[in-house]
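Position one of the sequence shown corresponds to residue 15 (this note's numbering), numbered consecutively onward. All C-beta atoms, glycine included, are put in the ideal place defined by N, C-alpha and C. Nothing here was measured: the structure is a model prediction, and the numbers come from that model.
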Amino acid sequence: MDYKKITETPSNHDNLELMDTTTILQKMNEEDKKIADAVEKTIPQVTKLVDALTERFNKGGRLFYIGAGTSGRLGILDASEIPPTFGMPHERVVGLIAGGDTAIRKAVENAEDATKQAWLDLKAHDINTNDVVVGIAASGSTPYVIGGLEDAKKNGILTAAITNNPGAPIARIADIPIEINVGPEFLTGSTRMKSGTSQKLVLNMISTALMIKIGRVKGNKMVNMQLSNDKLVDRGTRYIMEGLNIEYAAAEALLKQHGSVKLAIDAGRG
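Quick look at the structure:
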(Lines of atoms letter the chains of each structure in order from A and count residues from 1; the text may use other names and numbers.)
(Lines give C-alpha, C1' and ligand atoms only; values in the text may rest on other atoms or scores of the structure.)
Protein backbone atom coordinates (compact mmCIF):
# COMPACT_ATOMS: atom_id res chain seq x y z
CA MET A 1 0.00 0.00 0.00
CA ASP A 2 1.35 3.43 -0.91
CA TYR A 3 -0.59 5.36 1.71
CA LYS A 4 -0.23 5.61 5.46
CA LYS A 5 -2.83 3.62 7.36
CA ILE A 6 -3.38 6.12 10.17
CA THR A 7 -6.12 3.95 11.65
CA GLU A 8 -3.50 1.29 12.46
CA THR A 9 -0.85 3.58 13.98
CA PRO A 10 -0.12 3.23 17.72
CA SER A 11 -2.32 5.05 20.20
CA ASN A 12 -1.11 8.25 21.78
CA HIS A 13 -1.64 6.49 25.11
CA ASP A 14 0.02 3.38 26.50
CA ASN A 15 -0.18 1.09 29.53
CA LEU A 16 -3.96 1.45 29.46
CA GLU A 17 -4.41 -1.47 31.84
CA LEU A 18 -2.47 0.44 34.51
CA MET A 19 -4.78 3.48 34.40
CA ASP A 20 -7.58 4.02 36.90
CA THR A 21 -11.10 4.32 35.51
CA THR A 22 -11.25 8.11 35.61
CA THR A 23 -7.95 8.43 33.73
CA ILE A 24 -9.09 5.98 31.05
CA LEU A 25 -12.25 7.99 30.48
CA GLN A 26 -10.44 11.34 30.53
CA LYS A 27 -7.91 10.15 27.95
CA MET A 28 -10.67 8.76 25.74
CA ASN A 29 -12.46 12.09 25.99
CA GLU A 30 -9.26 13.94 25.04
CA GLU A 31 -9.12 11.92 21.83
CA ASP A 32 -12.83 12.38 21.13
CA LYS A 33 -12.45 16.16 21.25
CA LYS A 34 -10.37 15.96 18.06
CA ILE A 35 -13.17 14.43 16.02
CA ALA A 36 -15.33 17.49 15.28
CA ASP A 37 -12.33 19.46 14.02
CA ALA A 38 -11.42 16.63 11.65
CA VAL A 39 -15.01 16.46 10.38
CA GLU A 40 -15.08 20.23 9.82
CA LYS A 41 -12.28 19.91 7.26
CA THR A 42 -14.46 17.62 5.13
CA ILE A 43 -17.36 20.08 4.74
CA PRO A 44 -16.40 21.15 1.18
CA GLN A 45 -16.54 17.52 0.00
CA VAL A 46 -19.73 16.78 1.96
CA THR A 47 -21.27 19.86 0.31
CA LYS A 48 -20.46 18.45 -3.14
CA LEU A 49 -22.09 15.16 -2.22
CA VAL A 50 -25.25 16.71 -0.74
CA ASP A 51 -25.73 18.97 -3.78
CA ALA A 52 -25.23 16.05 -6.16
CA LEU A 53 -27.65 13.92 -4.14
CA THR A 54 -30.26 16.69 -4.12
CA GLU A 55 -30.16 16.93 -7.90
CA ARG A 56 -30.57 13.18 -8.28
CA PHE A 57 -33.21 12.80 -5.56
CA ASN A 58 -35.35 15.39 -7.30
CA LYS A 59 -35.27 13.07 -10.33
CA GLY A 60 -36.31 10.07 -8.25
CA GLY A 61 -32.79 8.88 -7.44
CA ARG A 62 -31.70 7.02 -4.33
CA LEU A 63 -28.79 6.91 -1.90
CA PHE A 64 -27.00 3.61 -1.24
CA TYR A 65 -24.48 3.09 1.56
CA ILE A 66 -22.14 0.10 1.29
CA GLY A 67 -19.77 -1.05 4.03
CA ALA A 68 -18.56 -3.89 6.23
CA GLY A 69 -18.48 -4.29 10.00
CA THR A 70 -18.95 -1.10 12.01
CA SER A 71 -18.94 1.07 8.87
CA GLY A 72 -21.67 -1.03 7.27
CA ARG A 73 -23.76 -0.94 10.44
CA LEU A 74 -23.48 2.84 10.63
CA GLY A 75 -24.73 3.13 7.05
CA ILE A 76 -27.69 0.88 7.86
CA LEU A 77 -28.41 2.91 11.00
CA ASP A 78 -28.50 6.16 9.05
CA ALA A 79 -30.69 4.69 6.33
CA SER A 80 -33.13 3.14 8.82
CA GLU A 81 -33.74 6.49 10.50
CA ILE A 82 -34.84 8.31 7.33
CA PRO A 83 -38.42 6.94 7.09
CA PRO A 84 -39.48 7.69 10.70
CA THR A 85 -37.68 11.04 10.85
CA PHE A 86 -38.55 12.41 7.43
CA GLY A 87 -41.41 10.23 6.16
CA MET A 88 -39.45 9.01 3.14
CA PRO A 89 -40.03 5.50 1.72
CA HIS A 90 -37.54 2.90 2.95
CA GLU A 91 -36.21 2.32 -0.56
CA ARG A 92 -34.93 5.89 -1.06
CA VAL A 93 -31.98 5.53 1.34
CA VAL A 94 -30.62 2.00 1.59
CA GLY A 95 -27.82 0.57 3.71
CA LEU A 96 -26.04 -2.57 2.51
CA ILE A 97 -23.53 -4.54 4.60
CA ALA A 98 -21.07 -7.26 3.64
CA GLY A 99 -22.59 -10.54 4.79
CA GLY A 100 -26.18 -9.33 4.55
CA ASP A 101 -28.61 -8.77 7.41
CA THR A 102 -26.94 -11.44 9.56
CA ALA A 103 -23.85 -9.22 9.73
CA ILE A 104 -25.80 -6.43 11.39
CA ARG A 105 -25.63 -8.36 14.68
CA LYS A 106 -22.90 -10.96 14.13
CA ALA A 107 -19.65 -10.89 12.17
CA VAL A 108 -19.84 -12.99 8.98
CA GLU A 109 -16.51 -14.62 8.25
CA ASN A 110 -14.71 -13.38 5.11
CA ALA A 111 -17.78 -11.39 3.95
CA GLU A 112 -15.82 -8.15 3.57
CA ASP A 113 -13.37 -9.88 1.22
CA ALA A 114 -16.05 -10.61 -1.41
CA THR A 115 -15.03 -8.10 -4.08
CA LYS A 116 -18.03 -8.67 -6.38
CA GLN A 117 -20.76 -9.05 -3.78
CA ALA A 118 -21.53 -5.34 -3.29
CA TRP A 119 -22.41 -4.91 -6.95
CA LEU A 120 -24.67 -7.98 -6.79
CA ASP A 121 -26.34 -6.46 -3.72
CA LEU A 122 -26.80 -3.15 -5.53
CA LYS A 123 -28.17 -4.81 -8.68
CA ALA A 124 -30.80 -6.54 -6.54
CA HIS A 125 -32.20 -3.03 -5.99
CA ASP A 126 -32.18 -2.23 -9.74
CA ILE A 127 -29.59 0.50 -9.25
CA ASN A 128 -29.40 3.09 -12.03
CA THR A 129 -27.64 6.32 -13.02
CA ASN A 130 -30.00 8.50 -10.98
CA ASP A 131 -28.66 6.84 -7.83
CA VAL A 132 -25.55 7.53 -5.73
CA VAL A 133 -23.34 4.95 -4.00
CA VAL A 134 -21.40 5.94 -0.87
CA GLY A 135 -18.75 3.48 0.29
CA ILE A 136 -17.86 3.60 3.99
CA ALA A 137 -14.63 2.07 5.32
CA ALA A 138 -12.40 3.41 8.05
CA SER A 139 -9.41 1.59 6.56
CA GLY A 140 -10.37 2.60 3.04
CA SER A 141 -9.25 -0.79 1.75
CA THR A 142 -12.24 -3.09 2.31
CA PRO A 143 -12.59 -5.30 -0.82
CA TYR A 144 -16.42 -5.36 -0.60
CA VAL A 145 -16.48 -1.56 -0.74
CA ILE A 146 -13.71 -1.21 -3.33
CA GLY A 147 -15.46 -3.64 -5.67
CA GLY A 148 -18.82 -1.96 -5.23
CA LEU A 149 -17.46 1.50 -6.00
CA GLU A 150 -15.49 0.27 -9.01
CA ASP A 151 -18.51 -1.50 -10.52
CA ALA A 152 -20.79 1.45 -9.80
CA LYS A 153 -18.41 3.80 -11.62
CA LYS A 154 -18.15 1.43 -14.58
CA ASN A 155 -21.93 1.65 -14.87
CA GLY A 156 -22.05 5.46 -14.83
CA ILE A 157 -23.20 5.86 -11.23
CA LEU A 158 -21.90 8.70 -9.07
CA THR A 159 -19.78 7.45 -6.18
CA ALA A 160 -18.51 8.86 -2.90
CA ALA A 161 -16.32 7.43 -0.15
CA ILE A 162 -16.04 8.00 3.59
CA THR A 163 -12.69 6.89 5.03
CA ASN A 164 -10.36 7.74 7.89
CA ASN A 165 -7.19 7.18 5.88
CA PRO A 166 -6.48 9.99 3.38
CA GLY A 167 -5.29 8.59 0.06
CA ALA A 168 -6.83 5.18 0.73
CA PRO A 169 -8.01 3.06 -2.23
CA ILE A 170 -11.69 3.97 -1.87
CA ALA A 171 -10.78 7.67 -1.76
CA ARG A 172 -8.85 7.30 -5.02
CA ILE A 173 -11.72 5.44 -6.69
CA ALA A 174 -14.64 7.65 -5.61
CA ASP A 175 -15.84 10.72 -7.50
CA ILE A 176 -16.28 12.50 -4.16
CA PRO A 177 -13.80 11.35 -1.47
CA ILE A 178 -14.53 12.34 2.13
CA GLU A 179 -11.35 11.74 4.11
CA ILE A 180 -11.65 12.22 7.88
CA ASN A 181 -8.25 12.14 9.56
CA VAL A 182 -9.03 11.68 13.25
CA GLY A 183 -5.55 10.34 14.04
CA PRO A 184 -4.73 7.16 15.96
CA GLU A 185 -7.43 5.45 17.98
CA PHE A 186 -7.30 5.50 21.81
CA LEU A 187 -7.21 1.70 21.60
CA THR A 188 -4.82 1.00 18.73
CA GLY A 189 -6.70 -0.04 15.59
CA SER A 190 -10.17 0.01 17.20
CA THR A 191 -11.95 1.96 14.48
CA ARG A 192 -15.35 1.62 16.14
CA MET A 193 -14.15 4.48 18.35
CA LYS A 194 -12.97 7.81 16.85
CA SER A 195 -13.28 6.65 13.25
CA GLY A 196 -16.80 5.30 13.78
CA THR A 197 -17.88 8.43 15.62
CA SER A 198 -16.57 10.62 12.81
CA GLN A 199 -18.40 8.53 10.23
CA LYS A 200 -21.64 8.86 12.19
CA LEU A 201 -21.24 12.65 12.27
CA VAL A 202 -20.67 12.81 8.52
CA LEU A 203 -23.61 10.50 7.81
CA ASN A 204 -25.82 12.73 9.97
CA MET A 205 -24.68 15.71 7.92
CA ILE A 206 -25.28 14.03 4.57
CA SER A 207 -28.76 12.67 5.20
CA THR A 208 -30.10 15.58 7.26
CA ALA A 209 -28.85 18.22 4.84
CA LEU A 210 -30.27 16.22 1.94
CA MET A 211 -33.69 15.96 3.57
CA ILE A 212 -33.71 19.71 4.25
CA LYS A 213 -32.73 20.45 0.64
CA ILE A 214 -35.52 18.29 -0.82
CA GLY A 215 -38.20 19.91 1.35
CA ARG A 216 -38.75 17.38 4.13
CA VAL A 217 -38.16 20.00 6.86
CA LYS A 218 -40.02 23.24 7.58
CA GLY A 219 -38.30 25.89 9.69
CA ASN A 220 -36.42 23.58 12.02
CA LYS A 221 -39.17 20.97 12.40
CA MET A 222 -39.56 17.36 11.23
CA VAL A 223 -42.91 18.07 9.61
CA ASN A 224 -42.95 14.80 7.64
CA MET A 225 -42.05 12.42 10.48
CA GLN A 226 -43.99 9.19 10.86
CA LEU A 227 -46.52 9.36 13.71
CA SER A 228 -45.70 5.87 14.92
CA ASN A 229 -46.08 6.30 18.69
CA ASP A 230 -47.66 8.57 21.32
CA LYS A 231 -44.45 10.55 21.80
CA LEU A 232 -44.30 11.49 18.12
CA VAL A 233 -48.01 12.32 17.98
CA ASP A 234 -47.50 14.65 20.94
CA ARG A 235 -44.45 16.21 19.28
CA GLY A 236 -46.36 16.70 16.05
CA THR A 237 -49.28 18.25 17.89
CA ARG A 238 -46.96 20.76 19.54
CA TYR A 239 -45.39 21.62 16.19
CA ILE A 240 -48.88 22.41 14.87
CA MET A 241 -49.74 24.47 17.97
CA GLU A 242 -46.63 26.57 17.38
CA GLY A 243 -47.11 26.80 13.62
CA LEU A 244 -50.77 27.85 13.77
CA ASN A 245 -50.89 29.46 17.22
CA ILE A 246 -53.79 27.24 18.33
CA GLU A 247 -54.62 25.17 21.42
CA TYR A 248 -53.47 21.57 21.92
CA ALA A 249 -56.84 19.92 21.34
CA ALA A 250 -57.40 21.75 18.06
CA ALA A 251 -53.88 20.94 16.90
CA GLU A 252 -54.29 17.27 17.78
CA ALA A 253 -57.57 17.10 15.90
CA LEU A 254 -55.95 18.59 12.80
CA LEU A 255 -53.07 16.13 13.03
CA LYS A 256 -55.37 13.13 13.32
CA GLN A 257 -57.49 14.39 10.45
CA HIS A 258 -54.60 14.95 8.02
CA GLY A 259 -52.05 12.39 9.20
CA SER A 260 -48.97 14.59 9.00
CA VAL A 261 -47.69 17.80 10.52
CA LYS A 262 -47.08 19.37 7.14
CA LEU A 263 -50.54 18.60 5.79
CA ALA A 264 -52.17 19.75 9.03
CA ILE A 265 -50.33 23.08 9.00
CA ASP A 266 -51.07 23.62 5.31
CA ALA A 267 -54.76 22.90 5.93
CA GLY A 268 -54.85 25.20 8.97
CA ARG A 269 -53.34 28.05 6.97
CA GLY A 270 -55.56 27.41 3.98
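{"Item": "Buried/exposed call for THR284, threshold 16 Cβ in 10 Å", "Value": "Note that residue 284 is Gly in the sequence shown, not Thr. With fewer than 16 other Cβ atoms within 10 Å, it is exposed."}
{"Item": "Complete alpha helix (DSSP H) runs within the stretch 99-126 (minimum length 4 residues, chain order)", "Value": "116-119"}
{"Item": "Endpoints, alpha helix (DSSP H) assigned at LEU163", "Value": "157-168"}
{"Item": "Cβ shell of SER212 (< 7 Å), same chain only, five flanking positions each side left out", "Value": "ILE49, ALA52, VAL53, ASN178, ILE194 and VAL196"}
{"Item": "Terminal residues of the beta strand (DSSP E) in which VAL237 lies", "Value": "No beta strand (DSSP E) holds VAL237; DSSP gives it neither H nor E."}
{"Item": "Assigned secondary structure, PHE200 (DSSP; H/G/I helix, E/B strand, else coil)", "Value": "coil"}
{"Item": "Buried versus exposed call for GLY89 [16 or more other C-beta atoms within 10 Å across all chains shown]", "Value": "buried"}
{"Item": "Closest residue to ASN72 among LEU217, LEU110, THR61 and ASN144 (Cα-Cα distance)", "Value": "ASN144"}
{"Item": "Whole-number beta carbon distance between ILE192 and ALA174, since they are thought to touch under 8 Å", "Value": "6 Å"}
{"Item": "For GLY149: DSSP bridge partner residues", "Value": "ILE80 and ALA175"}
{"Item": "DSSP three-state assignment for GLU261, whether helix, strand or coil", "Value": "coil"}
{"Item": "Endpoints, beta strand (DSSP E) assigned at ILE192", "Value": "190-193"}
{"Item": "Rounded separation between VAL122 and HIS139 - CA only", "Value": "22 Å"}
{"Item": "GLU69 - containing alpha helix (DSSP H), residue span", "Value": "57-71"}
{"Item": "Buried versus exposed call for TYR262 [16 or more other C-beta atoms within 10 Å across all chains shown]", "Value": "exposed"}
{"Item": "Whole-Å CB distance - ILE80 paired with VAL159, under 8 Å assumed", "Value": "6 Å"}
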